[in-house]
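Presented below is the structure to which this report refers.
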Amino acid sequence: MGMTSSSFEDGTVPPDQADHIHVAQSFITRLPFAAALQMQLVDLGSAYAVMEMPVLPQFLDANGRLHEGALSALMDTCAGTAVVAHESRPLGTATLDLRLDFISAPMQGRVRTVAQCDALCADVAFVSVQATDLMTGALVAKANGSFAVEYGAQGQGFLDAMLQQKGQG
Amino acid sequence: MEFQPPDLPFARFLGITWFTDGSDFCAKLPFCPMLIGNPLLPALHGGVSATLLQITAQAALVESGNGSASQPPRLIDFTVDYLRRGQPEDSYAKARITRAGRRFASVSVTMWQADPDTPIAAAHGHFALVVGS
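Protein chains in written order, with my numbering: chain A, 1 to 169; chain B, 170 to 302.
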């Protein structure tokens, strides 16, 4: 699935990109609902994001499996992050619609989502997301969404703004 | 109220409650700061809306005799249209069962805040009524 597509061959992460992951993660931590669900950004590339979330008792459904709503939140966040990581440097994005297919939810462990912004055209981004059970590797869910994209007046992207803020802070 | 909605840890985590509006069965999600997705606007997280819509659709099926509180119908797929930004205020949702057959059901559900005629999200989903172990 190209989990390491954005890393060097020896497994290290390029310095610029390490900065991007760091500032994007600190932004995600400041989103109250993402923080409540303990979402974590584990990789970020061009139009590409990988996130993880623990399967905690308070996130479960009636059958003791990860609730679809918690999964929806993670997939939505991961997809939006892939959009702002697009090379056209969007400043922000909002979900227009999201279609989710639920295959088999885990009862414990962690889930990982991989989002790829497949196309961005006329301020609309099209994103596909896959969620897998990190313990078994089983496919948990897949989703497709369209996202409205916003650009800054000076062409400054979301990640640029975050890096600048970090520099000032 | 006789009807028992499914007891979901995640619904309790968010604080979802139930009420009836005439003959309609509705869900209420009281606002709390944890539900914010974007603190700059601020706006509710899209995952919060998706969850409220999913739980309302599932409870409506149980209320109409499909599955039980302990064995509710299983969600197969779900499509959410985000119509307006979710404001930092209380949210409500109501479902309409399009068809419930022997094995599968199709449900539409809408979510609103201050004005029931101004939906902020609408969704459509499919459920499996025969729940395997």
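Every residue gets a Cβ at the ideal spot worked out from N, C-alpha and C, and that includes glycine.
The model shown is predicted, which means the values in this text are computed figures rather than measured ones.
Would you list the residues sitting across from F195(B) in a DSSP beta bridge? What you label residue 195(B) is simply residue 26 of the second sequence in a count that begins at 1. Before going on, a small fix: residue 195(B) reads as Cys here, not Phe. Answer by DSSP bridge pairing, in chain order: F188(B) and K263(B).
Residue interval of the beta strand (DSSP E) (run including R243(B)): Stepping through the second sequence from its first residue, residue 243(B) is reached at position 74. Unbroken beta strand (DSSP E) run through R243(B): R243 to Y251.
What is the DSSP secondary structure of D284(B), counted as helix, strand or coil? Counting from one through the second sequence, the residue named residue 284(B) turns up at place 115. Of the three classes helix, strand and coil, the one that applies to D284(B) here is coil, per DSSP.
Assigned secondary structure, A125(A) (DSSP; H/G/I helix, E/B strand, else coil): Within the first sequence, numbered from 1, the residue matching residue 125(A) stands at position 125. If DSSP states are grouped into helix, strand and coil, A125(A) belongs with the strands.
Thinking just about the alpha-carbon of each residue, which of P202(B), Q223(B), F200(B) and S218(B) is nearest to the one in L177(B)? Residue mapping note: residue 177(B) aligns to position 8 of the second sequence, counting from 1. Looking at the Cα atoms, Q223(B) is the closest of the given residues.
Using a C-beta cutoff of 8 angstroms, does Q165(A) count as contacting chain B? The residue given as residue 165(A) occupies position 165 in the first sequence. False, the Cβ-Cβ gap to chain B never drops below 8 angstroms.
Test item: CB-CB of E150(A) and T77(A) under 8 angstroms: Along the first sequence, read from residue 1 onward, the residue named residue 150(A) stands at position 150. Along the first sequence, read from residue 1 onward, the residue named residue 77(A) stands at position 77. No, they are not a contact pair.
CA-CA distance, K263(B) and T279(B)? Mapped onto the second sequence, residue 263(B) falls at position 94. Mapped onto the second sequence, residue 279(B) falls at position 110. Going from the Cα of K263(B) to the Cα of T279(B) covers about 6 angstroms.
In or out: E232(B) buried (at least 16 other Cβ within 10 Å) or exposed? The count along the second sequence starts at 1 and reaches residue 232(B) at position 63. E232(B) should be labelled buried.
So, using beta-carbon positions, are N305(B) and L298(B) closer together than 8 angstroms? The structure shown does not extend to residue 305(B), since chain B is modelled only from 170 to 302, so the question has no answer here.
Burial state of R243(B), where buried means 16 or more other Cβ atoms lie within 10 Å: Taking the second sequence and counting its residues from 1, the one referred to as residue 243(B) is at position 74. So R243(B) ends up on the buried side.
Within 8 angstroms of any Cβ in chain B, is that where the Cβ of G69(A) sits? Within the first sequence, residue 69(A) is the residue found at index 69, counting from 1. Yes, contact with chain B.
Could you check what DSSP says for G294(B) in three-state terms: helix, strand or coil? Position 125 of the second sequence, counted from the start, is the residue given in the question as residue 294(B). Three-state DSSP puts G294(B) in a strand.
With a threshold of 8 angstroms between beta-carbons, can Q154(A) be considered close to chain B, or not? Numbered from 1 along the first sequence, position 154 holds the residue referred to as residue 154(A). Closer than 8 angstroms: no.
Does C201(B) come out as helix, strand or coil in the three-state DSSP assignment? Translated into positions along the second sequence, residue 201(B) becomes position 32. In the structure shown, C201(B) sits in coil (DSSP, three-state: anything other than H, G, I, E or B).
Here's the rule I'm using: 16 or more other beta-carbon atoms within 10 Å means buried, otherwise exposed. How should P175(B) be labelled? On the second sequence, position 6 is the one that residue 175(B) refers to. Flag for P175(B) reads buried.
As a quick exercise: from F179(B), T225(B), S275(B) and Q240(B), pick the residue whose alpha carbon is nearest that of A290(B). For the purposes of this step, residue 290(B) is taken as residue 121 along the second sequence, with counting starting at 1. Residue T225(B) is the option with its Cα nearest to A290(B).
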